[in-house]
DNA sequence: CGAGTGCCCGCTCATTTGAGCGGCCTGTTT
DNA sequence: AAACAGGCCGCTCAAATGAGCGGGCACTCG
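Residue numbers (my numbering), protein chains in the order written: chain A, 12 to 327; chain B, 12 to 327.
Put into structure tokens, the structure is as follows:
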């Protein structure tokens with residue numbers, strides 16, 4: 012990729028520039044240009060190809076805010092996702108909280124124009140999602156369903172999140188007043204039978220758009236992991252857990268660990284896989300491995316992240 | 012035309028930027044993008060239109076040297092010409108000689124890639140054409156025909172021009188060893204019968220590409236005008252002559268004055284009109300009126316000029 | 001509440017464009 | 001001089017695209 016490939020004769024360059032201007036700036040069709048200039052339309056097409064190739068025309072995409080469209084597209088292609096939004100976080104803001112805020116803002120933007128009134132919006136939990144909810148200023152008046160029980164601090168758990176988001180849009184909220192992980196399968200089934208809980212869980216299969224965070228187990232960067240009993244946590248780490256999405260645990264190679272499944276009050280792997288638009292939200296280098304694992308598990312149609320994570324991901 | 016039209020929602024802007032990147036930079040088709048992103052191809056098309064309209068994508072045409080593609084296109088459209096090449100001349104070079112050199116270089120570039128071996132190249136005369144011949148480094152090996160007899164200084168008359176140009180390309184030259192304007196029609200006819208002269212003039216109808224300068228009579232900027240007897244010159248000026256192309260005189264309104272026709276050893280108006288590619292070459296503010304008149308007369312398919320003349324012309 | 005209005009969407013159909021092919025011309029090698 | 005390679009051109013045919021249309025939907029005003 013040289014900066015100035017072949018010099019190109021001055022006359023040819025003038026011709027190419029003229030054609031390029033007429034096509035890209037004036038919006039004439041190639042046939043029009045061809046007729047007007049006494050060339051064949053094939054010649055015009057070849058001149059345009061050449062202009063692009065030789066850098067006579069340059070396309071400049073004014074990326075709003077800190078959206079990094081180039082890196083986004085690289086990562087998108089690399090993993091075949093439907094959409095990737097990489098937010099550039101300047102070095103001076105590169106703290107865990109700063110990253111969460113930036114990614115949260117990006118996620119809010121994506122979500123607010125992804126969701127329409129007929130959607131059923133599923134919401135996970137996590138600090139980045141909390142940041143998102145603070146940045147969310149508008150969202151369609153749709154059903155908002157909590158996809159997993161409570162974990163983490165009071166201000167940041169799913170319940171609060173669902174409340175905030177449904178408040179912004181004015182749609183109905185379906186909260187889950189239960190813990191994310193309970194003691195045993197029996198308790199789980201029993202809780203699932205409760206009226207309010209059942210109402211939310213019945214909607215799981217109808218979720219059309221979901222926003223979930225990705226938690227990392229290795230390196231540890233997950234509130235859910237931190238809330239499990241030490242011995243259980245260690246046992247799971249021993250099995251090679253890399254990431255979590257809601258209560259679904261995923262190993263480095265992308266396989267799903269069934270361990271918590273029966274005891275989790277959350278959308279399981281099958282439900283997640285069936286969601287038409289699953290937005291993964293995670294930023295920071297520490298979560299790169301986790302995101303990689305989740306994508307390898309075939310989860311996620313859209314990824315919202317920051318440039319540090321994206322840079323790691325692109326080469327994975 | 013505001014710089015930043017409507018703010019556009021952040022999510023929509025991200026979407027638009029993503030689509031624009033994929034289309035313009037990656038070269039995907041709209042259908043591919045639509046499929047990949049779960050949109051209709053119409054939606055993608057509208058996003059792209061919007062991106063262009065709102066300035067999310069910008070096209071930058073790297074115009075070689077001092078070619079002003081924007082002004083060129085404006086003038087081209089204004090007069091419906093096939094091609095216009097405006098050369099930007101920086102203020103510090105804006106002397107008559109500086110303009111001639113710049114325009115000459117532009118004309119050389121245009122000509123050398125306009126002309127192919129099968130063409131018959133007609134050459135007028137004038138100081139700008141002389142400048143062109145000095146800048147000409149390559150041209151197809153084609154027949155080079157002198158379109159008008161001699162006038163002006165020895166170094167700059169048609170004869171010398173034709174010699175130089177045919178020398179560069181190696182094609183055969185058809186010079187005209189006669190004055191441009193003779194005393195009377197009888198002399199003209201007699202000269203036209205001479206072997207060498209007849210050979211060149213027989214080719215007039217075969218000329219496929221011609222490069223001619225435009226001379227101005229009002230204000231006076233023409234070597235041919237200067238070479239006529241004072242009383243004749245004044246009589247013609249009195250008739251409203253504005254411009255000359257070879258020995259064809261044209262009034263401000265674009266009508267052709269037949270006065271010199273019978274006595275001129277040069278391509279007449281009918282021949283000029285029949286030339287498939289007639290390149291008009293002229294620079295400098297003083298020639299703006301003249302060029303305007305010539306174009307109004309329906310002469311010229313291509314114009315090579317400088318920015319000062321073009322700026323005047325665009326509003327005429 | 002209902003008609004009117006503006007907007008967004010995706011359809012159809014005609015036009016524009018791209019991919020690939022073979023012909024022709026040029027310059028070079030045998 | 002013949003044969004060949006490479007490059008450029010414009011063709012055909014299929015795919016991509018644009019123009020314009022009407023349906024549906026939200027919002028507004030009577």
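C-beta: ideal position from N, C-alpha, C; glycine also.
Per-residue burial, residue i [other beta carbons within 10 Å of its own, 16 or more giving buried]
i             : result
residue 157/B : buried
residue 209/B : exposed
residue 326/B : exposed
residue 250/B : exposed
residue 135/B : buried
residue 201/A : exposed
residue 30/B  : buried
residue 37/B  : exposed
residue 241/A : exposed
residue 288/B : buried
residue 45/B  : buried
residue 247/A : buried
residue 149/A : exposed
residue 103/B : exposed
residue 197/B : exposed
For residue i, the nearest candidate out of the options (CA to CA)
i             : options                    : result
residue 125/A : 145/B, 261/B, 20/B         : 20/B
residue 137/A : 179/A, 120/A, 107/A        : 107/A
residue 199/A : 273/A, 170/A, 212/A, 236/A : 273/A
residue 280/A : 291/A, 308/A, 288/A        : 308/A
residue 239/B : 162/B, 74/B, 211/B         : 162/B
residue 143/A : 174/A, 133/A, 111/A        : 111/A
residue 10/A  : 94/A, 174/A, 230/A         : Any property of residue 10/A remains undetermined from this structure, which presents chain A solely from 12 to 327.
residue 190/A : 213/A, 148/A, 92/A, 159/A  : 159/A
residue 231/B : 141/B, 322/B, 244/B, 86/B  : 244/B
residue 115/B : 188/B, 323/B, 177/B, 146/B : 146/B
residue 219/B : 234/B, 109/B, 213/B, 133/B : 133/B
Own chain residues within Cβ distance below 8 Å of residue i, not counting five before or after
i             : result
residue 318/B : 79, 82, 97, 98, 99, 100
residue 152/A : 128, 180, 181, 182
residue 41/A  : 34, 52, 55, 56, 59
residue 285/B : 216
residue 6/A   : The structure shown does not extend to residue 6/A, since chain A is modelled only from 12 through 327, so no value can be given for it.
Minimum Cβ-Cβ distance from residue i to chain A less than 8 Å
i             : result
residue 74/B  : yes
residue 127/B : no
residue 227/B : no
residue 120/B : yes
residue 26/B  : yes
residue 328/B : Because chain B here runs from 12 to 327, residue 328/B falls outside it and cannot be looked at.
residue 317/B : no
residue 99/B  : no
Contacts around residue i, its chain only, beta-carbon distance under 6 Å, and the 5 residues preceding and following it disregarded
i             : result
residue 9/B   : This structure cannot speak to residue 9/B, because chain B is shown only from 12 to 327.
residue 312/A : 93, 288, 289
residue 154/A : 131, 182, 183
residue 118/B : 143, 292, 315
residue 77/B  : 98, 99
Contacts around residue i, its chain only, beta-carbon distance under 7 Å, and the 5 residues preceding and following it disregarded
i             : result
residue 320/B : 293, 294, 295, 296, 298, 299, 302
residue 12/B  : Residue confidence for residue 12/B is low, a pLDDT of 38 falling below 50, so the modelled location carries little weight; the figure read from the coordinates is stated next. So the list is empty, once near-sequence residues are dropped.
residue 304/A : 253, 254, 261, 262, 263, 265
residue 14/B  : Low confidence applies here, because residue 14/B scores a pLDDT of 36, under 50, leaving its location unreliable; read the following figure in that light. For residue 14/B, where only same-chain residues beyond five positions count, there are no Cβ hits under 7 Å.
residue 259/A : 267, 279, 280, 283
residue 22/B  : none
residue 257/A : 135, 158, 159, 223, 277, 278
residue 270/A : 247, 260
CB contact below 8 Å: residue i versus chain B
i             : result
residue 143/A : no
residue 185/A : no
residue 281/A : no
residue 21/A  : yes
residue 134/A : no
residue 158/A : no
residue 53/A  : no
residue 130/A : no
residue 67/A  : yes
residue 215/A : no
residue 78/A  : yes
residue 102/A : no
Practice task
Would you list, in sequence order, the uninterrupted beta strand (DSSP E) runs of no fewer than 3 residues that lie entirely inside the stretch 210 to 254 of chain A?
Solution key: 220 to 224, 226 to 228
Practice task
Only counting runs of 3 or more residues, tell me where the beta strand (DSSP E) segments fall wholly within the stretch 72 to 121 of chain A, in order along the chain.
Solution key: 94 to 98
Problem - alpha helix (DSSP H) runs wholly inside the stretch 135 to 212 of chain B, at least 4 long, in chain order - result: 138 to 146, 169 to 180, 196 to 203
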